[in-house]
Amino acid sequence: MMRLLLLRLGQAALVCWSVGTLSFILMHLLPGNMAFRVAAGRYGYDNLNLAAAQAVEIELGLDQPVWEQYLNWLLDLMRFDFGNSLVSGLPIAHELMHFLEHTLMLAVTAMLLALLLALPIGIYAAIRENCWFDRASLLMSVLLRAQPVFMVGLVLLLIFSLQLRWLPVAGFDGPRFLILPAISLALVLAALSSRVIRHAGVEVIHSAFFQFSRIKGLSFGQTLIRHGLRNAALPVVAFLGIQLVTLIEGIVMIESLFSWPGLGHGLAHAVFNRDVPMIQGAAMSLGLLFVVLNLWVDIACHLIDPRGRAES
1 MMRLLLLRLG QAALVCWSVG TLSFILMHLL PGNMAFRVAA GRYGYDNLNL AAAQAVEIEL
61 GLDQPVWEQY LNWLLDLMRF DFGNSLVSGL PIAHELMHFL EHTLMLAVTA MLLALLLALP
121 IGIYAAIREN CWFDRASLLM SVLLRAQPVF MVGLVLLLIF SLQLRWLPVA GFDGPRFLIL
181 PAISLALVLA ALSSRVIRHA GVEVIHSAFF QFSRIKGLSF GQTLIRHGLR NAALPVVAFL
241 GIQLVTLIEG IVMIESLFSW PGLGHGLAHA VFNRDVPMIQ GAAMSLGLLF VVLNLWVDIA
301 CHLIDPRGRA ES
């Protein structure tokens, strides 16, 4: 377990450096003058002039060589100093905490909803293998996985917000604003998770130990609860680690679509305004979120697997 924690700690440090460096390089490769874009985001296009852009350039050190800008950023990163936003002037750490709170709220809600949908669908499809429900769930899974997450969110927004007017369109002003973004993410996550649960369940039901338990006199339900669920849980939990890529990717698109005040929405606005410190901070936060969630998945697999508990 300690080796796993040390490995993930090293991975987190590598993610911070690589994501921050990549975002730094990409922002300097974009066409246009960064000082003009930052000045426009700070003062507005109506008040934009050459003097304002030059003042921003000197203030932010954009007149320095690129290698010197990168070295200063790297030294600040080693001190955990993300600096201030180039647009709002507020500390990056303060804004990231605000974004992270809403992103975690959305991510946890979406994952819980996905499990609530995928577990009963996958288990029932495994029990009723090759019946009409199994085929229907396979069809729905393929259709949902074929659509990008923002398309699923857009369809739900058009139906429940613009046509039926049951739910708000965008923003955040209470729990009702969380429903559509969370359901959009959950449907995409549950589409493939339900098939993984179904496949794991079918393997367990056809396994020798399951059949032996039935011969001993246990009913199908008793055998499934006592022996089946734990053995099927390991591949399902391990698959959650793969699903985290879909989750992080979906968060960026769904938050932008619904104007949800999270890391993805903040990252999109920062890219538009060339707010380099905010881009680096938001990108590194998403990378660290992926590492932390992966660590939780690894710990869960370690605890579920009897071999992992024996090693501990």
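Residue 312, in full-length UniProt numbering, is where the sequence shown stops; the numbers in between run on with no holes. Backbone N, C-alpha and C define an ideal beta-carbon position, used for all residues, glycine too. No experiment lies behind these values; they were computed from the predicted model shown.
- Inter-residue distance for PHE290 and GLU249 is about 10 angstroms (C-alpha atoms, whole angstroms).
- The region 117-137 and the region 179-197 touch, with three or more beta-carbon pairs separated by less than 8 angstroms.
- At a Cβ-Cβ threshold of 8 angstroms, ALA39 and LEU29 do not count as neighbours.
- When only Cα atoms are considered, GLN64 and LEU144 end up about 49 angstroms apart.
- According to the DSSP assignment, LEU185 belongs to the alpha helix (DSSP H) that extends over 176-205.
- A check of alpha carbon separations from ILE254 across LEU154, VAL237 and GLN222 identifies LEU154 as the nearest.
- The DSSP-derived three-state label of ASN294 is helix.
- Judged by beta-carbon spacing, GLY89 lies beyond the 8 angstroms limit of PRO277, meaning their Cβ atoms are not closer than that value.
- Going by DSSP, GLN243 is part of the alpha helix (DSSP H) stretching over 229-258.
- Looking at the DSSP output, ASN84 bridges to PRO91.
- In this structure, GLN280 lies away from PHE99, with their beta-carbon atoms at least 8 angstroms apart.
- For ALA170, no alpha helix (DSSP H) run applies, since DSSP gives it neither H nor E.
- The C-alpha of PHE150 lies about 49 angstroms from the C-alpha of ILE215.
- Secondary structure at GLY61: coil, using DSSP grouped into helix, strand and coil.
- Comparing alpha-carbon positions, the option among LEU257, VAL271 and VAL252 lying closest to LEU263 turns out to be VAL252.
- Residue burial is scored here from C-beta neighbours: PRO181 has at least 16 other C-beta atoms within 10 angstroms and is therefore classed as buried.
- Pairing MET111 with LEU189 gives a Cβ-Cβ distance under 8 angstroms.
- Listed in chain order, the non-local C-beta contacts of LEU257 below 6 angstroms within the same chain comprise PHE150 and GLY153, local neighbours out to five positions each way being set aside.
- Apart from the 5 residues on each side of it in sequence, ASP275 sits with its Cβ closer than 8 angstroms to the Cβ of VAL38, GLY41, SER85, LEU86, VAL87 and HIS269 in its chain, given in chain order.
- The beta carbon of SER184 lies closer than 7 angstroms to those of VAL149, VAL152, GLY153, LEU156 and ILE254 in the same chain, with the five residues before and after it left out.
- Put simply, the backbone Cα of GLY228 is about 7 angstroms away from that of ILE205.
- Below 8 angstroms, too few C-beta pairs join the region 233-240 and the region 126-144 to call them touching: fewer than three.
- Just measuring C-alpha positions, the residue of HIS265, CYS301 and LEU303 sitting nearest LEU96 is HIS265.
- Judged by DSSP secondary structure, ILE215 falls within the alpha helix (DSSP H) whose first and last residues are 208-215.
- Looking at the backbone, the Cα of LEU50 and that of MET2 are separated by about 56 angstroms.
- With a threshold of 16 other beta carbon atoms within 10 Å, ASP298 meets it and is buried.
- Shown here, ASN130 sits in coil according to DSSP, grouped into three states, outside any helix or strand.
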